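Peer 1: Take a look at the following structure, please.
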Amino acid sequence: MLGPVRIATWNVNSVLAREPRMLEWLERVAPDVVCLQETKCDDAAFPRAGVEALGYEVAAHGEGRWNGVALLSRVGIDDVRRGLPSDPGFPTPDVREARAVSATCGGVRVWSVYVPNGREPGHEHYAYKLAWFDALRDAVAAELPGPLAVMGDFNVAPTDADVWDPKAFTHSTHVTPPERGALAALRDLGLGDVVPRALKYDIPFTYWDYRAGMFHKNLGMRIDLVYASEPVRTRVTDAWIDREARKGKGASDHAPVVVELSDES
DNA sequence: ATGTCCACAACATGTGGA
Numbered sequence: 001m002l003g004p005v006r007i008a009t010w011n012v013n014s015v016l017a018r019e020p021r022m023l024e025w026l027e028r029v030a031p032d033v034v035c036l037q038e039t040k041c042d043d044a045a046f047p048r049a050g051v052e053a054l055g056y057e058v059a060a061h062g063e064g065r066w067n068g069v070a071l072l073s074r075v076g077i078d079d080v081r082r083g084l085p086s087d088p089g090f091p092t093p094d095v096r097e098a099r100a101v102s103a104t105c106g107g108v109r110v111w112s113v114y115v116p117n118g119r120e121p122g123h124e125h126y127a128y129k130l131a132w133f134d135a136l137r138d139a140v141a142a143e144l145p146g147p148l149a150v151m152g153d154f155n156v157a158p159t160d161a162d163v164w165d166p167k168a169f170t171h172s173t174h175v176t177p178p179e180r181g182a183l184a185a186l187r188d189l190g191l192g193d194v195v196p197r198a199l200k201y202d203i204p205f206t207y208w209d210y211r212a213g214m215f216h217k218n219l220g221m222r223i224d225l226v227y228a229s230e231p232v233r234t235r236v237t238d239a240w241i242d243r244e245a246r247k248g249k250g251a252s253d254h255a256p257v258v259v260e261l262s263d264e265s
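Under the UniProt record's numbering, residues 1 to 265 are what the first sequence spells out, in order.
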């Protein structure tokens, strides 16, 4: 089977609310593999028919009201795994949220992840966020080396340049040294940040709050990331943010990140 | 002046999360 040449990640903020926009987007962009986050529906409710009609196979891992991740692939979807083996759980270890699903798609191990938000530094949700990152690192490490990409809403801005104003984040999550350290720990495994082009403005933001005209003013954050292993990175020919998908009525508050890959061999 | 959007419980509008 041929490998994927266009892979994408998109926090859709409810796959049911987003289905019309998502189907339009799949037709327009025609990605081979898509990682979805915040699907907000259980697996039985996932709107499979529309995406299957476009030629995609679906691996969903959802739970109902919150969270939820999924993979769409038209280059095969094998060895699907849901969750993380050492998931810390929240609020107690027995409660495991639907935040990770992985599969092998056309020879590439693809992860769709929705990292916990953390609420605020010092909150128990913040400790959960860091523990969840540790569990992700351990699960990914077990699958390396090899072509692999961890894609999704990491809820961390890698650098101060990845938020609209660092001063607005002085007592906030998403920018703290421990959170950025969790990204560094993934890079220490051999993964690298595939930084997309912004298409408009200089900074490749992927998320803009719905409130206060943040998108219009381009006050955003780059928190949707693609962390790829070396065999994938060497194939990257382009990466870009589809801000068109963030415009207008019925948009998610996140824009998709699209990565173009050269053909294998 | 916490601005919007989403799901849920419940059937009006409040709540929690982002």
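We put the beta carbon where it would ideally sit given N, CA and C, even for glycine.
None of these values were measured; they are calculated from a predicted model.
Out of V259, V232 and L219, point me to the one whose CA is closest to I241's CA.
Peer 2: V259
Peer 1: Should A98 go down as buried or exposed, given a rule of 16 or more other Cβ atoms within 10 Å for buried?
Peer 2: buried
Peer 1: Indicate the three-state DSSP secondary structure (helix, strand or coil) for Y128 in the structure shown.
Peer 2: helix
Peer 1: Between the C-alpha atoms of T170 and G83, what's the straight-line distance to the nearest angstrom?
Peer 2: 32 angstroms
Peer 1: By Cβ distance, which residues of its chain are closer than 8 angstroms to R137, with the 5 residues on each side in sequence left out?
Peer 2: A182, A185, L186 and L189
Peer 1: If you count every other CB in all the chains shown that lies within 10 Å of the CB of W66, and 16 or more means buried, which is it?
Peer 2: exposed
Peer 1: Ignore the nearest five residues each way along the sequence and tell me which others in N218's own chain have a CB closer than 6 angstroms to its CB.
Peer 2: Y201
Peer 1: Are the CB atoms of V33 and L2 nearer to each other than 8 angstroms?
Peer 2: no
Peer 1: For the beta strand (DSSP E) containing D79, list its first residue and its last residue.
Peer 2: D78 to R82
Peer 1: Along the alpha helix (DSSP H) that carries L183, what are the first and last residues, could you check?
Peer 2: P177 to D188
Peer 1: Could you say if the region 30-45 and the region 106-114 meet the contact criterion of at least three C-beta pairs nearer than 8 angstroms?
Peer 2: yes
Peer 1: Enumerate in chain order the residues of its own chain whose CB-to-CB distance from Y56 is below 8 angstroms, with the five nearest sequence positions on each side excluded.
Peer 2: L26, V34, L72, S73 and R74
Peer 1: Measuring only the C-alpha atoms, how far is T234 from V115?
Peer 2: The C-alpha of T234 lies about 26 angstroms from the C-alpha of V115.
Peer 1: Buried or exposed: D162, going by 16 or more other Cβ atoms within 10 Å of its Cβ?
Peer 2: buried
Peer 1: Should A53 be labelled buried (16 or more other beta-carbon atoms within 10 Å of its own) or exposed?
Peer 2: Looking at its Cβ environment, which holds fewer than 16 other Cβ atoms inside 10 Å, A53 is exposed.
Peer 1: According to DSSP, what are the bridge partners of R197?
Peer 2: Beta-bridge partners assigned by DSSP to R197: W240.
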